[in-house]
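Protein chains in written order, with the working numbering: chain A, 3 to 258; chain B, 129 to 421; chain C, 69 to 412.
Presented below is the structure to which this report refers.
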Amino acid sequence: MKLGKLNLPLIITLLLFGAFVVIPMGSAFEYSIRRGLEGGYGLQNYLWAVREEDFSYYLIRSTWLSAVTVLITLVILVPTLTWIHLSNSKLRELIDGLSLLPLVIPVVAFAVGAQISFPEFIQSSVMELPFLYFILALPYAYRALDIGLKAIPLKTLSEAARSAGASWLRAIVIVILPVIRSAVTATIALTFALSIGEFTMTVLLHWDTFPTWVTYVAQDNLLGAIAISMIALLVPFVLISLVALLTPEKEIKESN
Amino acid sequence: MEKRGVRKGASFPISPSSILPALPFLLIFGFFFLFPISRLIYVSFMSNENTFTLGNFQTAFEKPYNSGFVNSIKLGLLSAAITAIPGAVAAYFIETRGSSRLKRTISSMNGVLANTGGVPLAFMFTSALGIQGFLTQALKAVGIDLYANSFSLGTFTGLLIVYLYFQLPLMIIVFSPAISSLRREWVEAATNLGANNLQYWLRIGIPLLLPSFLASFLLLFASGFSAYATANALTVGNVPLTPLQIGGLLDGNVSAAQLNLGKALGVVMIVISACAVIPYLLIQRRVARWQTR
Amino acid sequence: MSKENLILQSISKRFGAVHALDNFDLEVKVGELVALLGPSGCGKTTALRVVAGLERQDSGAVKLGGRDITNLPAHLRNMGMVFQAYSLFPNLSVEENVAFGLQMRKVNKRDRQKKAGELLELVGLNTQHKRFPHQLSGGQQQRVALARALAFEPEILLLDEPLSALDAQVRSNLREEIRRLQLSLGTTALFVTHDQEEAMAISDRVGVMSHGKLEQIASPDSLYNNPATEFVAGFVGVMNYIPGYQNGKSVSILGSDFKVKNSSGHQGATSALVRPESITVVAKENSSNAVVVTRSFLGASSRILCKTLDGTLIQALVPSEESSELIPGAKVQVKISANEVLVS
């Protein structure tokens, strides 16, 4: 990396953007560690939140709902997309278009539609959420996988696997999935992040998950809710930054 | 559909002319998405007695729902307008000057900010800009008293400020691909052909980025226009916004004379959102022509 | 068009620890087409970019005749460059692309349209002037790029692997066309490529580069027949490395003695460098010294790959009508039909 005057605009950009991100976040954090009336700082709000029984209950619930969403996404999208790419079907344009449709529909409107459409046995089961999350994440998940599959010689790979005697299922699981693993990882991350933070659909359909629980907490214990919110924002923030920083730099070939 | 579905010689399982492999996707998508949306549209034209009516839409454009639309559109437009240019500039410097590691870190951080914001974001601002908040106190120390003019996060201005916090990262995310698709060859070719920096930007750079910029603006508008979580957490019905009004009707808070009013509001929202998102998608598709080559 | 020689004087350029150019000297005479040939990373592209002003050298000077243009910014250098691929402006039509250089030089619209038309005619694309780059094939795009680079009558035409992204057929057509245009317009040109066939086919002189230095610069003929170094010999054309024993000024290979061209007075085991066409292969049951491994029919001649008794693989180019017996497995006698050889 060249340093010096060339990178001054970048440094300014990063400083401004950093301030934009850090000032409210840091100031909220400062607020959340204040010690009520006696003054000074402490982690009591965080301790309260973590000790709260509902904290782990809703965290676990949100986690498994998100995991199910990821599973649904992979099980449905990988074979479908593989087939689309292999068969060159005319259905491709249709399915490409459909996958983008959820972007057009505001979640609020979608929630109203869901509420008036699904039969009772679906609406009474929390399992409706992963399917709805799947739809919400579809435009992103679909594109991530699509790009991954476009980048590999899919036809050759699958034909090689098939002629070596693998069934279609095995071909997908053993050959294709590993080759597109970075696209799969991206899909998993995207879908999981979107599901675990989803609020609008969940609350409008009267389900309780981690994000909606926070709003109830706020009614009794605002500081506790703020502490939980900080956890909800900071933990993925730190985790993702760490992962991004620790992943080795691959694109050295960029320079000519 | 089935006959022209697949070209001859396709080598996927069962029978090459079947759409069977796409069936699970189509069924789930149809049931969990197309069905509720069609039903929403259908029901929005139904009166309480299940007869066809335009009455729901009539009411949707009357008080107080019309000001909900006006406010929501204003919030979408303003939050997009304020963040579009700074976001584009930030994206430009990060994409062109940053190392790939920096780009990855920032893009994942932006992902968190733009997508998992919502309620935590609202509480974060509540604490930062509350009366006792650090930011409020700091601003007061430099002579800006937010609360002198009865400021509150639960107002239109307050919401606008909070919205910037997810709109700016969203702008950076959406606009970055356009920047990275500007080929080095184009700057170099322009320079080689005798263009100075300004001439390059006027004739090549800006014309190439403009469609993506407009597209990003449209997407930001749609995102601000339909955002629900943050507004729901920060306001108490004092700022009329369509998503909140729909939420209220859905919860049965309003003893509405028209049961299906909320559905009509939802349909109008879909139409407005589609007016932004569909051009966004079309522009993206057009631009992809020179982005992939 | 261009009236002055291009001179590069002891140019050095480093990227981190890599010496892309190491005291590099080059002179391109008026109207000449010089190719810089070398493996990737040898610094040939860097040299071109230094000439264009797109890369700033660490030391050394770039001159046009007596004029020092070292500090002239790239957009004022008046050099037309053709890039590897995809350098056409996607938002401009073919005609606007070609006229871009003229527009930057404040030529009025009518004149630049006329000139663009002429250039497009020269590259055979005058019917496509209203199209956009993405509607053209790769070969057509490079033709437009060539027209664009020539439209403002540049001092020097710079070609940075302009054919490398194209199909074989298109590639050989376009390279002839580049040469034809360059000759008819009398443009001085510097052409960078890693493809020796390409360089040898159309250049007046070829400079072979390695590690930021010019190994040898000469006409294609003398480069082929009299390579100055082993690197050049190996890089230009096909070369056999036949083990032998050097005794001062002569070397003994395959049982015969030859004069050493690049005499080093070395004593001991060495490899002799022999071109395939300097090797004769004759079918001989009795006094054979090799066996045919494969025979590839190339038209007028055939390439015979033989394996000598000590296991060395040797390629020979034999007229096809003399090669019908040289089938795989045939016992043959391999001879060298040159008087002098290079040793490594």
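Cβ coordinates follow ideal geometry from the N, Cα and C atoms, glycine included.
Taking the Cβ atom as the reference point for each residue, do residue i and residue j lie within a distance shorter than 8 Å?
i              : j              : result
I301 (chain B) : N238 (chain B) : yes
I156 (chain B) : L93 (chain A)  : no
T75 (chain A)  : A139 (chain A) : yes
V80 (chain A)  : I190 (chain A) : no
V119 (chain C) : L76 (chain C)  : yes
V177 (chain A) : L151 (chain A) : no
N357 (chain C) : L377 (chain C) : yes
L274 (chain B) : T264 (chain B) : yes
L225 (chain A) : L409 (chain B) : no
S346 (chain C) : A406 (chain C) : yes
R363 (chain C) : L394 (chain C) : yes
A306 (chain B) : S340 (chain B) : yes
T15 (chain A)  : T193 (chain A) : no
P2 (chain A)   : V247 (chain B) : Missing from the structure shown is residue 2 (chain A); chain A here goes from 3 to 258 and no further.
L193 (chain C) : R180 (chain C) : no
A402 (chain B) : V106 (chain A) : yes
Apart from the five residues just before and just after residue i, which ones in its own chain have a Cβ nearer than 7 Å to its Cβ?
i              : result
K4 (chain A)   : The predicted model places K4 (chain A) with a pLDDT of 41, which falls under 50 and marks its position as unreliable; any figure quoted below should be read in that light. The answer is none, since no qualifying residue turns up.
N139 (chain C) : none
K231 (chain B) : I222 and E223
Q373 (chain B) : Y193, G196 and L393
With 16 other CB atoms within 10 Å as the buried threshold, where does residue i fall?
i              : result
P107 (chain C) : exposed
I149 (chain A) : exposed
Q260 (chain B) : exposed
K97 (chain C)  : exposed
K131 (chain B) : Only weak support exists for where K131 (chain B) lies, its pLDDT of 40 falling under 50; the coordinates are left without a value.
Q203 (chain C) : exposed
G365 (chain B) : exposed
L330 (chain B) : exposed
I224 (chain C) : buried
S58 (chain A)  : exposed
Quick one, which of the options has its alpha-carbon nearest residue i's?
i              : options                           : result
K352 (chain C) : C:V402, C:V411, C:R273 and C:G305 : C:V402
V86 (chain C)  : C:F92, C:L227, C:I137 and C:G109  : C:G109
E130 (chain A) : B:K391, B:L369 and B:P164         : B:P164
A167 (chain C) : C:P311, C:H197 and C:V300         : C:H197
F133 (chain A) : B:P305, B:F161, B:E316 and B:N320 : B:F161
N388 (chain B) : A:G115, A:I182 and A:R63          : A:G115
L218 (chain C) : C:P344, C:N146 and C:A337         : C:N146
N308 (chain C) : C:Q208, C:R216, C:I372 and C:R211 : C:I372
V260 (chain C) : C:K71, C:L227 and C:M268          : C:L227
A215 (chain C) : C:I79, C:K183 and C:G206          : C:K183
A121 (chain B) : B:L154, B:P297 and B:M397         : Nothing about residue 121 (chain B) can be read from this structure; chain B reaches only from 129 to 421.
D272 (chain C) : C:H279, C:R248, C:K281 and C:G280 : C:R248
S155 (chain C) : B:I169, B:G158 and B:S309         : B:S309
Quick check on residue i: does DSSP put it in helix, strand or coil?
i              : result
E130 (chain A) : helix
C403 (chain B) : helix
G394 (chain B) : helix
L267 (chain B) : helix
Q186 (chain B) : helix
V276 (chain C) : strand
D464 (chain C) : Missing from the structure shown is residue 464 (chain C); chain C here goes from 69 to 412 and no further.
R239 (chain C) : helix
F239 (chain A) : helix
Q125 (chain C) : coil
R417 (chain B) : helix
S405 (chain C) : coil
A166 (chain A) : coil
M268 (chain C) : helix
P107 (chain C) : coil
N308 (chain C) : strand
A153 (chain C) : coil
L321 (chain B) : coil
P141 (chain C) : coil
N91 (chain C)  : strand
V191 (chain C) : coil
Excluding the five sequence neighbours on either side, which residues of its own chain have a C-beta within less than 6 Å of the C-beta of residue i, listed in chain order?
i              : result
K279 (chain B) : Rather than Lys, the amino acid found at residue 279 (chain B) in this sequence is Phe. Contacts found: none.
In chain order, what residues of the same chain have a beta carbon less than 8 Å from the beta carbon of residue i, not counting five sequence neighbours either side?
i              : result
L322 (chain C) : I310, G312, N357, T376, V402, K403 and I404
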